[in-house]
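What follows is a short report on a single structure.
In the working numbering, the protein residues as written are 8 to 217.
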């Protein structure tokens with residue numbers, strides 16, 4: 008087996024340990040595996056208007072990895088450790104915005120009426136939907152995700168985009184299972200409400216144009 012093939016077959020944890028012993032190739036493999044998902048996570052946490060800050064924070068995550076290479080120990084999955092670094096940096100960034108009065112606050116309607124069933128978007132669309140429609144839907148979802156309060160957005164992106172299990176999300180955000188479960192439930196409720204409003208607005212606009 009070639010050295011490259013060996014690196015590609017190694018676990019993340021093994022690669023990080025190798026990097027701690029001086030293997031730059033191990034770091035390169037880790038970066039290749041995680042740079043895309045991590046960058047998307049950071050960008051979606053900060054929103055479309057903060058791309059420069061997202062790039063800066065993304066780089067800071069990897070600088071923290073580099074700084075901690077020698078002290079790294081396998082106490083959890085590497086990805087859990089990596090995303091906890093990003094999570095903590097994002098929390099610091101959100102706190103800065105809060106202190107400057109720039110933090111977006113969204114009223115959590117789920118708290119006011121938990122007995123209501125969440126709105127489920129209709130899945131009966133024509134199978135021949137156009138690419139334009141799909142593109143509009145993706146933009147709507149991105150917009151609605153950005154409107155979530157940070158803790159809910161964080162839990163949602165870790166669970167449903169980064170693909171972590173609920174228990175791993177708890178490790179990353181350092182919260183109890185019931186807390187994470189509540190954040191996810193409220194996030195889904197808010198997203199459904201937001202997307203439903205988008206659909207209703209689109210249909211109303213179409214009716215006016217007709």
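We put the beta carbon where it would ideally sit given N, CA and C, even for glycine.
- Annotation for residue 174: the continuous alpha helix (DSSP H) segment containing it runs 173 to 180.
- Of all alpha-carbon atoms in 29, 53, 17, 72, the one lying nearest the alpha-carbon of residue 42 is that of 72.
- Fully contained in the region 62 to 91 is no beta strand (DSSP E) run of length 3 or more.
- Here residue 15 is exposed. Its C-beta has fewer than 16 other C-beta atoms within 10 Å.
- In this structure, residue 188 places its C-beta atom within 8 Å of the C-beta atom of residue 173.
- Residue range 157 to 163 is occupied by the alpha helix (DSSP H) that includes residue 161.
- Three or more pairs of CB atoms, one per stretch, sit closer than 8 Å, so the region 153 to 162 contacts the region 184 to 202.
- DSSP, read as helix, strand or coil, puts residue 189 in helix.
- CA-to-CA, the gap between residue 199 and residue 206 works out to about 10 Å.
- Cβ atoms of residue 87 and residue 148 stay farther apart than 8 Å, at about 26 Å.
- With a cutoff of 8 Å on beta-carbon distance, residue 92 and residue 68 are scored as near each other.
- If you look at residue 43, you'll find it in the alpha helix (DSSP H) that goes 31 to 53.
- Following the DSSP letters along the chain, one finds residue 15 inside the alpha helix (DSSP H) bounded by residues 10 to 16.
- Contact between residue 171 and residue 194 does not hold, since their C-beta atoms are separated by about 14 Å, which reaches or exceeds 8 Å.
- Secondary structure at residue 170: coil, using DSSP grouped into helix, strand and coil.
- Of 52, 95, 19, the smallest CA-CA separation from residue 36 is found for 19.
- Here the C-alpha atom of residue 21 lies approximately 15 Å from the C-alpha atom of residue 75.
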